[in-house]
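Before any comments, here is the structure.
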Amino acid sequence: MLAIFHKGFAHPPQELYSPEHCRRQSKSPEEILRDFHSAHPSDTFCISFSTGAALASNSSAGAHSPCVSFHQRLFSSLDEVYCMFVGSLDNLSSLIRQYGLCGKSTSEAMLVIEAYRTLRDRGPYPADQVLKDLNGSFAFVIYDNKTGSVFAAQSYDGRVPLFWGVACDGSAVICDDLNVMKSGCGKSFAPFPNGCMFSSEGGLKSFERPMNKMKAVPRVDSEGTMCGSFFKVDSCTKISTMPRVGSSADWTSWEDSHK
1 MLAIFHKGFA HPPQELYSPE HCRRQSKSPE EILRDFHSAH PSDTFCISFS TGAALASNSS
61 AGAHSPCVSF HQRLFSSLDE VYCMFVGSLD NLSSLIRQYG LCGKSTSEAM LVIEAYRTLR
121 DRGPYPADQV LKDLNGSFAF VIYDNKTGSV FAAQSYDGRV PLFWGVACDG SAVICDDLNV
181 MKSGCGKSFA PFPNGCMFSS EGGLKSFERP MNKMKAVPRV DSEGTMCGSF FKVDSCTKIS
241 TMPRVGSSAD WTSWEDSHK
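Per this note's numbering, the sequence shown runs over residues 1 to 259.
And the structure:
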């Protein structure tokens with residue numbers, strides 16, 4: 001899967017940029033989309049939005065990148081909310097009952113969309129608690145075309161590879177194909193941190209340890225070149241209080257109260 005979001009509504013951390021980030025080292029969103037389609041020529045579905053967002057989903061893992069996982073791949077949409085999901089949920093059946101959905105027609109991607117819509121519209125739980133309830137190995141990206149909001153997350157075990165980086169125009173790029181990320185983002189990319197969530201409004205946060213802040217750790221490649229930083233939970237720095245979640249809370253803004 002590949003997701004590209006304009007920097008105007010998805011703000012990748014500054015530390016994700018390589019110190020030597022420049023236009024010739026990275027590609028435009030259009031070029032990255034073409035690279036992804038070339039890597040998966042027979043089974044890629046692409047959709048672009050006037051807001052500057054683009055999603056590309058492939059049904060098979062592909063053979064050109066050893067880091068591309070061979071997990072289940074799903075693409076679903078409902079009421080202008082789009083979800084790309086890779087992996088599986090061990091407790092899907094119980095979650096379907098919890099959200100009052102139809103078991104026969106509900107996939108992991110549809111379940112995640114429903115959980116997102118519930119939080120966006122009614123917000124009964126903090127986002128970190130909702131993600132903790134997802135038992136399994138997964139990575140997903142949500143784009144809400146109504147609100148222009150982005151939400152991405154990866155399970156704590158990290159068994160589904162996921163990477164994020166920066167295109168030449170500053171757009172955020174999220175993808176599970178390492179080769180596409182290397183060619184598209186140059187040195188300005190890193191593995192997406194396990195057990196974390198990223199939103200267009202709230203940025204990066206750990207849903208496993210929501211009381212702790214995240215810190216950037218410089219990353220050096222095999223050639224000794226500084227790359228975009230990877231991120232980890234800062235066990236020494238804690239957030240003083242958790243926000244109260246009311247009916248207006250959603251996955252894209254609840255972290256703002258910590259800033």
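Using N, Cα and C, we set each Cβ at its ideal position, and we do this for glycine too. Keep in mind that this is a model prediction, so the values were computed, not measured.
May I have the straight-line CA-CA distance separating residue i from residue j, to the nearest angstrom?
{"i": "residue 169", "j": "residue 126", "result": "33 Å"}
{"i": "residue 40", "j": "residue 202", "result": "32 Å"}
{"i": "residue 44", "j": "residue 237", "result": "42 Å"}
{"i": "residue 84", "j": "residue 1", "result": "7 Å"}
{"i": "residue 74", "j": "residue 105", "result": "13 Å"}
{"i": "residue 178", "j": "residue 185", "result": "10 Å"}
{"i": "residue 11", "j": "residue 36", "result": "22 Å"}
{"i": "residue 183", "j": "residue 71", "result": "23 Å"}
{"i": "residue 92", "j": "residue 19", "result": "42 Å"}
Kindly indicate which three-state DSSP category residue i falls into: helix, strand or coil?
{"i": "residue 72", "result": "coil"}
{"i": "residue 219", "result": "strand"}
{"i": "residue 82", "result": "strand"}
{"i": "residue 239", "result": "coil"}
{"i": "residue 212", "result": "strand"}
{"i": "residue 1", "result": "coil"}
{"i": "residue 205", "result": "strand"}
{"i": "residue 162", "result": "coil"}
{"i": "residue 92", "result": "helix"}
{"i": "residue 116", "result": "helix"}
Could you confirm whether any beta carbon from chain D is found closer than 8 Å to the beta carbon of residue i?
{"i": "residue 59", "result": "The chain labelled as chain D is not found in the depicted structure, where only one protein chain is given."}
Could you tell me whether the Cβ atoms of residue i and residue j are closer together than 8 Å?
{"i": "residue 89", "j": "residue 134", "result": "yes"}
{"i": "residue 4", "j": "residue 171", "result": "yes"}
{"i": "residue 318", "j": "residue 109", "result": "With the chain running from 1 to 259 in the structure shown, residue 318 is simply not present."}
{"i": "residue 131", "j": "residue 197", "result": "yes"}
{"i": "residue 80", "j": "residue 144", "result": "yes"}
{"i": "residue 112", "j": "residue 140", "result": "yes"}
{"i": "residue 56", "j": "residue 33", "result": "yes"}
{"i": "residue 82", "j": "residue 142", "result": "yes"}
Tell me whether residue i counts as near the ligand PLP, meaning its Cβ is closer than 7 Å to at least one heavy atom of that ligand.
{"i": "residue 126", "result": "For the structure depicted, the ligand PLP is absent and the ligand set is empty, with no information on it obtainable."}
Note down, in chain order, each residue of its chain lying with its Cβ closer than 6 Å to the Cβ of residue i, except the 5 sequence neighbours on either side.
{"i": "residue 9", "result": "148, 200"}
{"i": "residue 99", "result": "114"}
{"i": "residue 137", "result": "87, 155, 157, 159, 160"}
Sorted by chain position, which residues of the same chain lie with C-beta nearer than 8 Å to residue i's C-beta, five sequence neighbours on each side aside?
{"i": "residue 17", "result": "166, 188, 228"}
{"i": "residue 220", "result": "226, 227"}
Cβ contact check for the segment 25-37 and the segment 51-61: 3 or more pairs under 8 Å: yes
Counting pairs of Cβ atoms below 8 Å between the segment 137-153 and the segment 185-198, do you hit three or more? yes
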